[in-house]
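Residue numbers 433 to 894, in our numbering, belong to the letters of the sequence shown in order. Working notes for the structure below.
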Amino acid sequence: IQILLYVYVAPAEQEKLFVQKLRQCCVLFDFLCDPLSDLKWKEVKRAALSEMVEYINHNRSVITEPIYPEVVHMFAVNMFRALPPSSNPTGAEFDPEEDEPTLEAAWPHLQLVYEFFLRFLESPDFQPNIAKKYIDQKFVMQLLELFDSEDPRERDFLKTTLHRIYGKFLGLRAYIRKQINNIFYRFIYETEHHNGIAELLEILGSIINGFALPLKEEHKIFLLKVLLPLHKVKSLSVYHPQLAYCVVQFLEKDSTLTEPVVMALLKYWPKTHSPKEVMFLNELEEILDVIEPSEFVKVMEPLFRQLAKCVSSPHFQVAERALYYWNNEYIMSLISDNAARILPIMFPALYRNSKSHWNKTIHGLIYNALKLFMEMNQKLFDDCTQQFRAEKNKEKAKLKEREEAWMKIESLARSNPQYVMCVDPSGLNSPVEMETDGPFIEDVQMLKKTVQARAIQVIQRT
Numbered sequence: 433i434q435i436l437l438y439v440y441v442a443p444a445e446q447e448k449l450f451v452q453k454l455r456q457c458c459v460l461f462d463f464l465c466d467p468l469s470d471l472k473w474k475e476v477k478r479a480a481l482s483e484m485v486e487y488i489n490h491n492r493s494v495i496t497e498p499i500y501p502e503v504v505h506m507f508a509v510n511m512f513r514a515l516p517p518s519s520n521p522t523g524a525e526f527d528p529e530e531d532e533p534t535l536e537a538a539w540p541h542l543q544l545v546y547e548f549f550l551r552f553l554e555s556p557d558f559q560p561n562i563a564k565k566y567i568d569q570k571f572v573m574q575l576l577e578l579f580d581s582e583d584p585r586e587r588d589f590l591k592t593t594l595h596r597i598y599g600k601f602l603g604l605r606a607y608i609r610k611q612i613n614n615i616f617y618r619f620i621y622e623t624e625h626h627n628g629i630a631e632l633l634e635i636l637g638s639i640i641n642g643f644a645l646p647l648k649e650e651h652k653i654f655l656l657k658v659l660l661p662l663h664k665v666k667s668l669s670v671y672h673p674q675l676a677y678c679v680v681q682f683l684e685k686d687s688t689l690t691e692p693v694v695m696a697l698l699k700y701w702p703k704t705h706s707p708k709e710v711m712f713l714n715e716l717e718e719i720l721d722v723i724e725p726s727e728f729v730k731v732m733e734p735l736f737r738q739l740a741k742c743v744s745s746p747h748f749q750v751a752e753r754a755l756y757y758w759n760n761e762y763i764m765s766l767i768s769d770n771a772a773r774i775l776p777i778m779f780p781a782l783y784r785n786s787k788s789h790w791n792k793t794i795h796g797l798i799y800n801a802l803k804l805f806m807e808m809n810q811k812l813f814d815d816c817t818q819q820f821r822a823e824k825n826k827e828k829a830k831l832k833e834r835e836e837a838w839m840k841i842e843s844l845a846r847s848n849p850q851y852v853m854c855v856d857p858s859g860l861n862s863p864v865e866m867e868t869d870g871p872f873i874e875d876v877q878m879l880k881k882t883v884q885a886r887a888i889q890v891i892q893r894t
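Printed below as a string of structure tokens:
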């Protein structure tokens with residue numbers, strides 16, 4: 433039945449009317465199979481929810497003790513439901529810019545239920561000591577299950593709702609963190625599919641920001657065992673900005689975590705996925721922006737070995753993103769203080785690609801990096817140039833020695849009476865055409881003796 437509005441009821445009767453409206457809103461309607469059914473009563477429920485939102489928003493002392501179980505029950509009846517199967521459980525990752533999300537058919541009612549519950553939690557009259565009897569671990573667990581909803585509007589409301597609960601119920605905080613950890617573990621090691629990872633990470637970003645110092649051991653374990661392995665999931669692009677924010681928050685809290693974080697990033701560094709590699713470079717620069725010089729020294733050599741590989745990447749976006757590090761003043765100050773160890777690592781990749789990279793933009797960025805290195809320490813730059821040339825000459829000499837060795841082998845082979853029988857007439861499988869790293873001189877001498885011995889045996893038989 434349609435219930436009267438609050439304005440027509442005496443103040444003494446308003447609590448009773450409030451309870452009646454809450455119970456009325458526990459009636460569920462079918463929006464999916466038969467969207468045109470019960471249109472009148474769907475509108476009655478929508479109007480009742482809207483009125484309760486306004487009532488709780490503009491009146492004080494309306495959240496009395498009998499209201500708490502009714503509100504929580506109404507929320508649970510409307511929200512805690514089995515989510516439909518995923519529209520793309522094993523296919524390509526969801527792209528927010530290209531793919532259309534699956535929207536919840538009952539959203540006209542669900543949205544108002546979320547809005548009402550948030551106003552309830554945020555009301556100055558709200559008392560967590562009373563509410564904790566009804567908003568318990570079971571309630572939180574069911575709320576977390578809804579984060580796998582494909583509707584981004586619902587996930588956004590869930591994010592705000594869970595954050596409010598975390599802030600108001602101190603006794604539930606450890607439980608909430610533990611259950612979020614479990615969702616992440618299942619996502620990383622079992623399913624690799626969950627729609628709410630970005631929203632959960634966004635909540636965690638705020639939680640991490642409020643961690644007291646020094647950090648507890650459980651929080652450090654969460655970083656190393658949960659957040660860092662999230663980098664290896666194939667759908668990283670969906671939640672990477674939120675993940676990078678969480679990691680940087682940890683490093684701002686405790687700089688001693690820098691080394692394990694950077695080494696984990698290098699461990700999970702993509703080998704064949706260039707867009708993912710660009711994401712790693714973005715995150716690494718965010719880390720370098722907050723790194724302490726004493727921590728930078730511990731990771732700079734493996735870090736710049738990876739950057740040298742990125743600069744040499746044939747994918748120009750990877751090379752370009754790596755070379756943009758030289759436009760960062762703080763990173764350049766760190767490089768300048770440790771140029772003696774960094775320049776010898778970077779110089780070969782920079783010099784080689786300044787001539788060989790196919791993209792002209794990369795040439796310009798490399799010349800800029802070389803120019804900065806030259807201005808930083810002219811003598812060191814000259815030493816690296818000479819060392820690079822010496823290495824090149826050494827490589828040329830080694831190549832020449834290898835070619836001569838093969839020529840000797842071919843000559844020895846030709847002297848074998850069975851040479852004509854063994855060699856492919858086309859010449860494609862001749863010793864000269866084979867690819868190898870080249871023999872040492874001892875191997876050549878041993879081969880020569882073997883060929884001579886076999887030739888003598890053939891002559892003796894004939």
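All C-beta atoms in this analysis are idealised placements derived from N, C-alpha and C, irrespective of residue type, glycine included. Remember, predicted model here, so these are calculated numbers, not experimental data.
Boundaries of the alpha helix (DSSP H) in which His595 is found, first to last residue: Pro584 to Lys600
Please name the residue, chosen from Met839, Arg773, Asp557 and His663, that lies closest to Met813 on a Cα-to-Cα basis. The amino acid at residue 813 is misidentified as Met; the sequence shows Phe. Here the closest residue by C-alpha is Arg773.
Beta-carbon proximity list for Phe805, same chain, < 6 Å, skipping 5 on both sides: Leu775 and Phe813
Between the beta-carbon of Glu502 and the beta-carbon of Arg551, is there less than 8 Å? no
Could you check whether the stretch 573-588 touches the stretch 619-628, counting it as contact only if at least three pairs of C-beta atoms, one from each stretch, sit closer than 8 Å? yes
Report the rounded CA-to-CA distance for Ser862 versus Glu827, giving the unit in angstroms. Model confidence at Ser862 stands at a pLDDT of 48, short of 50, so the residue's coordinates are unreliable; what they give is reported in the following sentence. Ser862 and Glu827: Cα-Cα distance of roughly 25 Å.
Taking the alpha-carbon positions, what's the Gln818 to Lys824 distance? 10 Å
Decide if the stretch 751-760 is in contact with the stretch 712-731; the criterion is three or more beta carbon pairs, one per stretch, under 8 Å apart. yes
What span of residues does the alpha helix (DSSP H) with Glu445 cover, start to end? It is not in any alpha helix (DSSP H) - Glu445 carries neither H nor E in the DSSP assignment.
Using CA atoms only, rank isn't needed, just tell me which of Leu656, His505, Tyr783 and Tyr621 is closest to Phe549. His505
Here's the rule I'm using: 16 or more other beta-carbon atoms within 10 Å means buried, otherwise exposed. How should Ile433 be labelled? Residue confidence is low: Ile433 scores 41 on pLDDT, short of 50, so the model does not pin down where it sits. Its coordinate-derived value is still stated next. Its Cβ having fewer than 16 others within 10 Å, Ile433 is exposed.
In chain order, what residues of the same chain have a beta carbon less than 8 Å from the beta carbon of Leu735, not counting five sequence neighbours either side? Val694, Leu698 and Leu716
Sorted by chain position, which residues of the same chain lie with C-beta nearer than 8 Å to Asp583's C-beta, five sequence neighbours on each side aside? Pro533, Thr534, Leu535, Glu536 and Trp539
On the DSSP letters alone, give me the boundaries of the alpha helix (DSSP H) that Tyr762 sits inside. Glu761 to Asp769
Spatial distance of Gln452 from Lys565 (CA atoms): 21 Å
Look up Ser581 in the DSSP assignment and say whether it is helix, strand or coil. coil
Grouping DSSP H, G and I as helix and E and B as strand, with all else coil, what is Pro646? coil
Would you say the stretch 671-686 touches the stretch 632-646, given that touching needs at least three Cβ pairs under 8 Å? yes
Could you pull out every residue in the same chain whose Cβ sits closer than 7 Å to the Cβ of Ala801, ignoring the five residues on either side in sequence? Leu755, Trp758 and Leu782
Pop quiz: Phe748 and Ile794 are said to be a contact at Cβ under 8 Å. What is the actual Cβ separation, rounded to whole angstroms? 6 Å
Given this structure, state the Cα-to-Cα distance separating Val494 from Gln559, to the nearest angstrom. 12 Å
For Tyr700, three-class secondary structure by DSSP: coil
What whole-angstrom Cβ distance do Asn901 and Met732 have, given they're in contact under 8 Å? The question about residue 901 has no answer, for the chain in this structure spans 433 to 894.
With Arg618 as the anchor, note down where its alpha helix (DSSP H) starts and where it stops. Arg605 to Arg618
Secondary structure of Lys472, DSSP reduced to three states: helix
So is Glu445 buried or exposed if we call it buried at 16+ other beta carbons inside 10 Å? exposed
Which of the three DSSP states is assigned to Pro725 in this structure? helix
Compute the Euclidean distance between the alpha carbons of Val864 and Phe820, then round it to the nearest angstrom. Bear in mind that a pLDDT of 44 at Val864, under 50, signals an unreliable position, so the model cannot answer this.
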